[in-house]
Amino acid sequence: MLHGLPEHDTVIEENGHIDRGAVVHCCTIRRNALVGVSAVIMDNALVGEAAIVAACAFVNAGLEIHAAQDATAGAVRADRADSPGARAIETMRIMSSLPV
Numbered sequence: 013m014l015h016g017l018p019e020h021d022t023v024i025e026e027n028g029h030i031d032r033g034a035v036v037h038c039c040t041i042r043r044n045a046l047v048g049v050s051a052v053i054m055d056n057a058l059v060g061e062a063a064i065v066a067a068c069a070f071v072n073a074g075l076e077i078h079a080a081q082d083a084t085a086g087a088v089r090a091d092r093a094d095s096p097g098a099r100a101i102e103t104m105r106i107m108s109s110l111p112v
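What follows is the structure in structure tokens.
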């Protein structure tokens, strides 16, 4: 779902990908960035070029995800190689490297 307000634009640049169930609210998604399934991006946040926001992640208002950075869900941490967060990151990396 894309949402904006009269005083704030919602911008998705070329090849920015918003996956199903994601909420993008008054923010900027740069070129080639990926917002995963059911992720939420809040007001004035910036998802940098080629960055990946993992499924179910919540990006706080005003937060900047730098170019080519991976952002995981706050409640799902990749502390162990077999954790759900680590598997989600690996899945997103594999998906982003596949030819379209």
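Numbering (the working numbering), first residue to last: 13 to 112.
Ideal Cβ positions, reconstructed from N, Cα and C, are used throughout, including at glycine.
No experiment lies behind these values; they were computed from the predicted model shown.
{"query": "Nearest candidate by alpha-carbon position, reference residue 25, set 16, 60, 83, 80", "result": "60"}
{"query": "Neighbour-count burial assignment, residue 78, 16 or more Cβ in a 10 Å radius", "result": "exposed"}
{"query": "Within the region 18-54, ranges of the beta strand (DSSP E) (whole runs, at least 3 residues)", "result": "35-37"}
{"query": "Alpha-carbon to alpha-carbon, residue 28 and residue 56", "result": "17 Å"}
{"query": "Proximity below 8 Å, CB of residue 47 to CB of residue 30", "result": "yes"}
{"query": "Beta-carbon proximity of residue 83 to residue 73, cut-off 8 Å", "result": "no"}
{"query": "Local conformation of residue 15 per DSSP, three classes", "result": "strand"}
{"query": "Proximity below 8 Å, CB of residue 38 to CB of residue 17", "result": "yes"}
{"query": "Residue burial classification, residue 63 (beta-carbon count within 10 angstroms, cutoff 16)", "result": "buried"}
{"query": "Chain-order list of residues whose beta-carbon lies under 8 Å from that of residue 49 (same chain, five-residue window excluded)", "result": "31, 32, 33, 34, 67, 68"}
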